[in-house]
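The opening position of the sequence shown corresponds to residue 32 in this note's numbering, with each subsequent residue numbered one higher. These notes concern the structure reproduced below.
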Amino acid sequence: MTAWKINLHLNIRQKVAVGLTACILAIGFIGGLSYNYLRQIETKQHFVEIADDLSNTILEIRRYEKNYLLYGSAEDWQENRRYIQLGLETLDKIAPEVKYLKIAPQFPLFREEFLAYSRLMEELPKSAASRSRVEEQLRERGKTLVELSLHLVKFERQRILEIINTLKTQLLSSMLVFLGFMGFFVLIVSRKIIRPLRVIEDTTLRIAQGNFRPLPVLDTRDETQRVVEAFNRMVAELEKRQDQLVQAKKMSSLGVLTAGIAHQLNNPLNNISTSCQIILEDLDQCDRELLKKMLTNVEQEVYRARDIVKGLLEFSRERDFELKPIPLEDVVNRSIRLISSQVPPGIDIVQEVPWDLVLKIDAQRLQEVFLNLLMNAVQAIKEPPGEIKIAAQVDAGNRQAVITIEDTGVGIPREEIDRVFDPFFTTKEVGAGTGLGLSIVYGIIEKHQGSITVESKEGEGTRFVIRLPYNSLDKEKRPSP
32 MTAWKINLHL NIRQKVAVGL TACILAIGFI GGLSYNYLRQ IETKQHFVEI
82 ADDLSNTILE IRRYEKNYLL YGSAEDWQEN RRYIQLGLET LDKIAPEVKY
132 LKIAPQFPLF REEFLAYSRL MEELPKSAAS RSRVEEQLRE RGKTLVELSL
182 HLVKFERQRI LEIINTLKTQ LLSSMLVFLG FMGFFVLIVS RKIIRPLRVI
232 EDTTLRIAQG NFRPLPVLDT RDETQRVVEA FNRMVAELEK RQDQLVQAKK
282 MSSLGVLTAG IAHQLNNPLN NISTSCQIIL EDLDQCDREL LKKMLTNVEQ
332 EVYRARDIVK GLLEFSRERD FELKPIPLED VVNRSIRLIS SQVPPGIDIV
382 QEVPWDLVLK IDAQRLQEVF LNLLMNAVQA IKEPPGEIKI AAQVDAGNRQ
432 AVITIEDTGV GIPREEIDRV FDPFFTTKEV GAGTGLGLSI VYGIIEKHQG
482 SITVESKEGE GTRFVIRLPY NSLDKEKRPS P
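As structure tokens, then:
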């Protein structure tokens, strides 16, 4: 049975062609009906004119009949006979047209009455004995003729009015149907063409801001579906490239941090080396308590070195995006520890993040956000002293956590504020920046269903405001420090 099914899925071009063809056929059908009604009105109007002439002829016949009955003038009788002949000729003239009209069944009766009246009028001068009877019959026949002629005219005029009313109703109905059809056509065009294009346009803007959520694919089996599928493939490829860019930027950041981290590792290693030398030199006569103290110091320095390496590995490792309830303070502190070696003397980093603020975040990616913003803040303070402040608070009304990172650096020119999140845009000197840092930051915040804005005054500093979703149920119990 399925082998006989007809595939009715049309592409947009075919749908438009079918719609326009249906519209043209509907207009042609309506035009044909209207033309037919107008032809009927024309025919009936012509018939009414002849019927009016016939009615006037009958009135003239009656006038000369009355004159003859009153005065007995042969001239009146002759005029009466002439008008009777004219009336009969008119009846013969309209006979072919009458047979197509609804009045056709009454037409033979009309003609018989006319002929009977003619015979009575011809008999009138010859019947002196029965004149009064003939006159009475003549008046009755004449009255019937007048009534029939008036009825004929009235009937056809009524038919013209009916056709006009039918035509008006048809035109009104056609207009409503046409408007309904056009509304349906506009709806189809809007739903199948305009709305998908608008969604694609909005998605393009969203992708430019770092949000790579694909479009839902509807089973329309037309160009729209193919465009959306191709668009989603492009989005997937862009997201893949974006992830590669993020990782490349992360490696670039690691390169910047390497020298400082090497210095951080050098301190615990020196302490370990010094402790080991003391133990080796005094091993034979070393006091047990001193030995224990030295080994404890070695252990602490090993843990310190481990934490430095662990933080570096955590930052460099590539992972899938995953949201987990994590204390924000931990992420901020790890970021500060990683960047601390890059902070020149005279620049203070102030941390004011509540210890119990827990957010559902991807810790690794949010750490990258803080590292990028902190590194930018450090580089913005050209000459110490300066201060970088990172703070957070809960906006319970909007169910958001508001995180601010501000510095006392050189600021950003007003004309460049709107472009700071654009890929490859940088205010730094050539070779000093890739222009990807803030673009990646924007994309990561978007992935967290949050927002980031920037406020800056040239010469006074810059302030970044991050808003992330907050749910008190994500809060984890932590002992107060």
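Heads up, the beta-carbon is just placed ideally off N, CA and C, and yes, glycines get one too.
- Membership of aspartate 438 in the beta strand (DSSP E) is indicated by the continuous run 431-438.
- Around the beta-carbon of histidine 77, fewer than 16 other beta-carbon atoms lie within 10 Å, marking it exposed.
- Shown here, glutamate 486 sits in a strand according to DSSP, grouped into three states.
- In the structure shown, aspartate 318 adopts coil according to DSSP, grouped into three states.
- By the Cβ-count criterion, phenylalanine 401 is buried, with 16 or more other Cβ atoms from all chains shown falling within 10 Å of its own Cβ.
- Check the Cα spacing between tryptophan 386 and each of Ala411, Ala422, Pro375 and Leu101: the tightest is with Ala422.
- In the DSSP assignment, arginine 188 falls outside any beta strand (DSSP E) and lies within the alpha helix (DSSP H) extending over 162-220.
- DSSP, read as helix, strand or coil, puts lysine 46 in helix.
- Residue environment: asparagine 407 is assigned as buried (16 or more neighbouring CB atoms within 10 Å of its CB, all protein chains considered).
- Classified as exposed, asparagine 502 has fewer than 16 neighbouring CB atoms from the shown chains inside 10 Å of its CB.
- Exposed is the label assigned to methionine 265, since fewer than 16 other Cβ atoms lie within 10 Å of its Cβ.
- With respect to isoleucine 497, glycine 481 sits close: the two C-beta atoms are nearer than 9 Å.
- Counting along the chain, phenylalanine 495 sits inside the beta strand (DSSP E) bounded by residues 492-500.
- A direct Cα-to-Cα measurement between glutamate 120 and glycine 59 gives close to 41 Å.
- With respect to valine 259, proline 299 sits apart: the two C-beta atoms are not nearer than 9 Å.
- By the CB criterion at 9 Å, leucine 359 and alanine 261 fall outside the cutoff.
- Here proline 245 has Asn263 and Val266 as same chain residues with Cβ atoms under 6 Å from its own Cβ, once five neighbours each way along the sequence are excluded.
- Contact between the region 188-199 and the region 69-76 is present: 3 or more CB-CB pairs across the two stretches fall below 8 Å.
- Looking only at Val184, Lys157, Ser149 and Leu183, the smallest Cα-Cα distance to glutamate 171 is reached by Ser149.
- Apart from sequence neighbours up to five positions away, the residues of its chain that approach alanine 82 with a beta-carbon distance below 8 Å are Ile125, Ser180, Leu183, Val184 and Glu187, ordered along the chain.
- If you draw a 10 Å sphere on the C-beta of valine 363, you find 16 or more other C-beta atoms in it, and that means buried.
- The beta-carbon distance between valine 340 and valine 374, rounded to whole angstroms, is 20 Å. This is too long to meet the 8 Å contact definition.
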